[in-house]
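Asker: Sharing a structure with you now.
There are 2 protein chains.
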Amino acid sequence: MSTDLSRLSLNTATTKRASLAEAVDAAAAAGLGAVGPWRDRVQEVGVEKAARIIRDAGLRVSSLCRGGFLTTSDDDAAAVALDDNRRAIREAATLGTHELILVVGGLDAASAPGAGARPYPAGRGDDPARDLVATRRRAADRIGELAPYAAEHGVRLVLEPLHPLFAADRAVISTLGQALDLAAPFDPDVVGVVVDTYHVWWDPDLHAQIARAGAEGRLAAYQVCDWVLPLAAEPLNSRGHVGDGYVDFATITRWVAEAGYTGDVEVEIFHEDVWARPPAQTVATLADRYTRHVLPYL
Amino acid sequence: MSTDLSRLSLNTATTKRASLAEAVDAAAAAGLGAVGPWRDRVQEVGVEKAARIIRDAGLRVSSLCRGGFLTTSDDDAAAVALDDNRRAIREAATLGTHELILVVGGLDAASAPGAGARPYPAGRGDDPARDLVATRRRAADRIGELAPYAAEHGVRLVLEPLHPLFAADRAVISTLGQALDLAAPFDPDVVGVVVDTYHVWWDPDLHAQIARAGAEGRLAAYQVCDWVLPLAAEPLNSRGHVGDGYVDFATITRWVAEAGYTGDVEVEIFHEDVWARPPAQTVATLADRYTRHVLPYL
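Structure representation (structure tokens):
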């Protein structure tokens with residue numbers, strides 16, 4: 001059995017309590033080929049230094065997580081969100097990665113991710129803050145506003161469909177097919193998609209849409225982690241190690257490979273139990289799971 | 001503003017702690033036109049008597065909840081499941097409803113709904129118990145086995161797509177489009193679909209698939225309740241009163257009406273706070289919400 005970890009990437013959310021340097025050390029020591037940093041870990045050391053830390057360890061940057069949250073109907077808030085996304089594009093360019101993951105954001109009615117819904121306007125039975133169709137249209141418009149800037153910087157906006165569990169408060173992009181429809185007007189080198197098993201494993205159209213993403217040249221990243229039950233009290237942090245849950249990694253990985261994907265495989269896990277472990281132990285576990293459940297099918 | 005409740009139906013799961021007679025009384029007293037009983041409430045009084053209780057109150061039976069859970073790969077377990085579904089078909093016929101809701105069931109790897117996943121077979125990186133494609137094929141086969149029996153009894157198998165949150169442990173039918181694809185080989189009078197807002201509100205293809213369901217004559221039931229956050233500890237019981245969450249009832253109800261649906265609107269809520277109230281209070285709340293958020297768009 002191959003134990004080649006050169007395509008395995010540690011997403012820094014998986015070792016949430018570690019600094020960038022600590023995460024990079026753990027990944028490099030275990031023989032991984034790449035890391036996928038989150039912006040918080042990059043910004044706390046500064047983007048130039050972050051790039052150096054990763055480069056000096058001999059690792060690639062598989063992607064930068066994340067831009068997005070740009071669906072608001074408020075013009076001022078939208079301007080702030082677009083500015084922040086332009087900054088994320090510059091950060092990705094400086095880090096030397098082509099792939100900037102975007103989580104587009106939710107409904108105006110979502111006061112904060114995971115919290116309750118805003119009440120309806122007085123005396124109204126309908127509510128523009130719950131208009132999912134219009135919110136998705138705004139997501140499309142904002143992607144269009146960012147695309148030229150991303151292209152100038154040699155960075156691709158990578159649309160992430162999130163599990164429909166998060167459609168209200170985190171991402172109105174819920175399927176890979178929808179992400180590809182939104183990407184369609186743009187050059188494949190400027191707007192792509194990511195397959196994150198946690199978010200898309202259930203989709204009856206997944207095989208066809210992964211093939212389509214490959215054929216269109218938009219398959220920008222492959223992230224793996226497992227769907228475990230029962231959900232954690234904070235469902236966002238229910239993502240489990242590969243092999244602990246229900247996802248059929250053999251099948252989905254085959255589909256990704258057949259679609260021509262030759263990039264890194266990022267492990268991105270949000271889970272309190274995983275975060276409580278030392279980074280070296282977490283990396284050892286994810287390398288073991290990758291070797292058993294993903295690599296043979298890649 | 002109209003307050004005509006003749007198309008409003010109380011699903012007995014909404015008043016979980018009430019007997020069938022108590023639920024029927026509450027619905028009739030408030031002027032509702034129908035109830036949608038669950039099988040437990042029917043079986044505890046006997047199906048003939050249940051039919052009489054509902055008829056004597058002057059109410060229709062909008063649907064019977066529910067058959068299904070027939071995706072197992074174990075032949076003996078499948079035979080038991082099919083027997084139980086045949087019984088559900090007979091119960092629906094006796095109750096005088098044409099619509100039997102089916103929740104098809106989950107993966108073999110789901111030891112019990114909401115509980116953890118079975119481990120992988122020793123030494124294996126893949127696992128047939130996690131094969132979603134094969135599980136969906138079995139669901140199709142079992143629907144085919146039940147269809148003639150349903151047709152003989154004048155009952156329609158109504159496929160319910162469940163929110164992808166439940167794809168592992170409760171239903172491998174996750175979208176309305178997938179449900180319609182599974183229904184396609186059968187007479188529309190024998191296999192139909194239900195639109196339950198909780199399960200499908202997030203679907204980017206919802207408008208098109210509701211229109212398709214109407215055009216094909218398969219739109220058998222419309223169930224409403226709201227997607228509320230944060231999720232309850234048991235996510236199944238996170239369903240809220242219409243208007244308490246994020247669902248755009250005005251838009252979805254318009255789509256259902258435009259698709260030609262003229263049947264009952266069932267309110268099916270699973271929530272501990274709702275169950276703690278007296279049935280009359282729950283029915284008053286759902287009538288108020290229906291009048292404000294659903295009826296004007298129907």
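Those sequence lines, one after another, are chains A and B. Following UniProt numbering, the numbering of the first sequence begins with 1 at its first residue and continues without gaps. Following UniProt numbering, the numbering of the second sequence begins with 1 at its first residue and continues without gaps. Yeah, the Cβ is synthetic: ideal placement off N, Cα and C, and Gly gets one too.
Exposed or buried, Ala29(A), counting other C-beta atoms within 10 Å across all chains shown (16 or more means buried)?
Answerer: By 1-based counting over the first sequence, the position of residue 29(A) is 29. Ala29(A) comes out exposed.
Asker: Cβ of Ala171(B) within 9 Å of Cβ of Val224(B)?
Answerer: Position 171 of the second sequence, counting from 1, holds the residue named residue 171(B). Position 224 of the second sequence, counting from 1, holds the residue named residue 224(B). For Ala171(B) and Val224(B), no; Cβs fall outside 9 Å.
Asker: Using CA coordinates, which residue listed in Glu91(A), Leu32(A), Ala79(A) and Gly58(A) is at the minimum distance from Glu44(A)?
Answerer: Reading the first sequence from its first residue, position 44 is the one you call residue 44(A). Of the listed residues, the one whose Cα sits closest to Glu44(A) is Glu91(A).
Asker: By Cβ distance below 7 Å, which residues in the same chain neighbour Ala129(B) in space, the five residues on each side in sequence not counted?
Answerer: On the second sequence, residue 129(B) is found 129 positions in, with the first residue counted as 1. Leu107, Asp108, Ala109 and Arg118.
Asker: Which residues in chain A sit within 7 Å of His293(B), going by Cβ to Cβ distance?
Answerer: To locate residue 293(B), count along the second sequence from 1; it is residue 293. Going along chain A in sequence order, the residues near His293(B) (Cβ under 7 Å) are Gly125.
Asker: Buried or exposed: Ser174(A), going by 16 or more other Cβ atoms within 10 Å of its Cβ?
Answerer: The sequence position of residue 174(A) within the first sequence is 174, counting from 1. Counting Cβ neighbours within 10 Å, Ser174(A) comes out buried, since at least 16 surround it.
Asker: Any beta-carbon of chain B closer than 9 Å to the one on Val103(A)?
Answerer: Against the first sequence, residue 103(A) aligns to sequence position 103. No - not a single Cβ of chain B is within 9 Å of the one on Val103(A).
Asker: Buried or exposed, going by whether 16 or more other CB atoms sit within 10 Å of the CB of Val256(A)?
Answerer: The count along the first sequence starts at 1 and reaches residue 256(A) at position 256. It counts as buried.
Asker: CA-CA distance, residue 335(B) and Arg52(A)?
Answerer: Residue 335(B) lies beyond the residue range present for chain B, which begins at 1 and ends at 298; the question has no answer from this structure.
Asker: Roughly how many angstroms separate the alpha carbons of Pro188(A) and Leu8(B), rounded to a whole number?
Answerer: Locating residue 188(A) in the first sequence gives position 188, counting from the first residue. Locating residue 8(B) in the second sequence gives position 8, counting from the first residue. Each residue's Cα considered, the two are about 49 Å apart.
Asker: The alpha helix (DSSP H) spanning Arg142(B) covers which residue range?
Answerer: The residue you call residue 142(B) lines up with position 142 of the second sequence. First-last of the alpha helix (DSSP H) with Arg142(B): Leu132 to Glu152.
Asker: State the beta-bridge partners of Tyr222(A) as determined by DSSP.
Answerer: As a working mapping, residue 222(A) is identified with position 222 in the first sequence. Partner(s): Val195(A) and Val265(A).
Asker: Under 8 Å: do the stretch 58-67 of chain A and the stretch 76-95 of chain A share three or more Cβ pairs, one atom per stretch?
Answerer: Enough Cβ pairs lie closer than 8 Å, so yes.
Asker: Which residues does DSSP list as the beta-bridge partners of Arg52(B)?
Answerer: Walking along the second sequence from the start, residue 52(B) turns up at place 52. Per DSSP, none; premise fails for Arg52(B).
Asker: Counting only beta-carbon separations shorter than 9 Å, does His207(A) have a partner in chain B?
Answerer: As a position in the first sequence, residue 207(A) is number 207, starting the count at 1. So yes, His207(A) belongs to the interface.
Asker: Would you say Glu268(B) and Arg239(B) are within 9 Å of each other, going by their C-beta atoms?
Answerer: As a working mapping, residue 268(B) is identified with position 268 in the second sequence. As a working mapping, residue 239(B) is identified with position 239 in the second sequence. Cβ atoms of Glu268(B) and Arg239(B): closer than 9 Å.
Asker: Could you check what DSSP says for Arg7(A) in three-state terms: helix, strand or coil?
Answerer: Looking up residue 7(A) in the first sequence gives position 7. Residue state, collapsed to three classes: coil.
Asker: Taking the alpha-carbon positions, what's the Asn11(A) to His199(A) distance?
Answerer: Here residue 11(A) refers to the residue found at position 11 when the first sequence is read from its first residue. Here residue 199(A) refers to the residue found at position 199 when the first sequence is read from its first residue. Cα to Cα, Asn11(A) sits roughly 16 Å from His199(A).
Asker: Put Ala13(B) into one of helix, strand or coil per three-state DSSP.
Answerer: Within the second sequence, residue 13(B) is the residue found at index 13, counting from 1. If DSSP states are grouped into helix, strand and coil, Ala13(B) belongs with the helices.
Asker: Kindly list the residues whose CB is nearer than 7 Å to the CB of Pro235(A), restricted to its own chain and excluding five residues on each side of it in sequence; keep chain order.
Answerer: Translated into the one-based positions of the first sequence, residue 235(A) becomes position 235. Cβ within range, chain order: Leu165.
Asker: Establish whether the CB of Gln178(A) and some CB of chain B are separated by less than 9 Å.
Answerer: Counted from its first residue, the first sequence places residue 178(A) at position 178. Taking Cβ atoms only, chain B reaches closer than 9 Å to Gln178(A), which makes this a yes.
Asker: For the pair the stretch 139-158 of chain B and the stretch 199-209 of chain B, tell me if three or more CB-CB distances fall below 8 Å.
Answerer: Taking 8 Å as the limit for Cβ pairs, the verdict is that the stretch 199-209 of chain B does not touch the stretch 139-158 of chain B.
Asker: Out of Ile252(B), Ser2(B) and Ala184(B), which has the shortest C-alpha to C-alpha gap to Val158(B)?
Answerer: As a position in the second sequence, residue 158(B) is number 158, starting the count at 1. Among Ile252(B), Ser2(B) and Ala184(B), the Cα nearest to that of Val158(B) belongs to Ala184(B).
Asker: Return the CA-CA distance between Tyr297(A) and Gly125(B), expressed in angstroms with no decimal places.
Answerer: The count along the first sequence starts at 1 and reaches residue 297(A) at position 297. The count along the second sequence starts at 1 and reaches residue 125(B) at position 125. If you take the alpha carbons of Tyr297(A) and Gly125(B), they lie about 9 Å apart.
Asker: In the DSSP assignment, find the alpha helix (DSSP H) that holds Val274(B) and state where it starts and stops.
Answerer: What you label residue 274(B) is simply residue 274 of the second sequence in a count that begins at 1. Here the alpha helix (DSSP H) through Val274(B) covers Glu272 to Trp275.
Asker: Just mark Gln178(A) as buried or exposed, buried being the case when its beta carbon has 16 or more other beta carbons within 10 Å.
Answerer: Position 178 of the first sequence, counting from 1, holds the residue named residue 178(A). Buried.
Asker: Determine the contact status of Arg136(A) and Gly192(A), defining contact as a CB-CB distance below 9 Å.
Answerer: Mapped onto the first sequence, residue 136(A) falls at position 136. Mapped onto the first sequence, residue 192(A) falls at position 192. No; because the gap between Cβ atoms is not below 9 Å, this pair is not in contact.
Asker: Mind listing the chain B neighbours of Pro164(A)? Cutoff is C-beta to C-beta under 8 Å, in chain order.
Answerer: Here residue 164(A) refers to the residue found at position 164 when the first sequence is read from its first residue. Those within 8 Å of Pro164(A) in chain B are His163, Pro164, Leu165, Trp202 and Asp203.
Asker: Determine the direct distance from the alpha carbon of Arg86(A) to that of Asp249(B), and round the result to whole angstroms.
Answerer: Here residue 249(B) is taken as the residue at index 249 of the second sequence, counted from 1. Here residue 86(A) is taken as the residue at index 86 of the first sequence, counted from 1. With the sequence shown as reference, residue 249(B) is identified as Phe, and Asp is not the correct amino acid for it. So the alpha carbons of these two residues sit roughly 36 Å apart.
Asker: Using Cβ-Cβ distances below 9 Å, what residues of the stretch 218-231 of chain B are close to chain A?
Answerer: Listed by position, the residues of the stretch 218-231 of chain B near chain A (Cβ gap below 9 Å) are Asp226, Trp227, Val228, Leu229, Pro230 and Leu231.
Asker: At a CB-CB cut-off below 9 Å, which residues of chain A make contact with Ala287(B)?
Answerer: As a working note, residue 287(B) is residue 287 in the second sequence. Those do not exist, as Ala287(B) stays about 14 Å from chain A at its closest Cβ, beyond 9 Å.
Asker: If I'm right that Ala115(A) touches Leu229(B) with Cβ under 8 Å, what's the distance once you round it to whole angstroms?
Answerer: For the purposes of this step, residue 115(A) is identified with residue 115 of the first sequence, where counting begins at 1. For the purposes of this step, residue 229(B) is identified with residue 229 of the second sequence, where counting begins at 1. Indeed, because the Cβ distance is near 7 Å, the residues count as touching under 8 Å.
Asker: Which residues does DSSP pair with Trp227(A) in a beta bridge?
Answerer: In the first sequence, counting from the first residue as 1, residue 227(A) sits at position 227. In the DSSP output, where bridge partners are listed per residue, Trp227(A) has Arg239(A).
Asker: Note down the Cα distance separating Gly260(B) from Ala215(B), rounded to an integer number of angstroms.
Answerer: Indexing the second sequence from 1 puts residue 260(B) at position 260. Indexing the second sequence from 1 puts residue 215(B) at position 215. Those two C-alpha atoms are separated by around 8 Å.
Asker: Using alpha carbons as the reference points, say which of Gly31(B), Tyr120(B) and Asp4(B) lies closest to residue 299(A).
Answerer: Because chain A is modelled from 1 through 298, residue 299(A) falls outside the range shown and cannot be assessed.
Asker: Under DSSP, the alpha helix (DSSP H) around Val158(A) begins and ends at which residues?
Answerer: As a working note, residue 158(A) is residue 158 in the first sequence. First-last for Val158(A): Arg156 to Leu159, but that is the beta strand (DSSP E), not the alpha helix (DSSP H).
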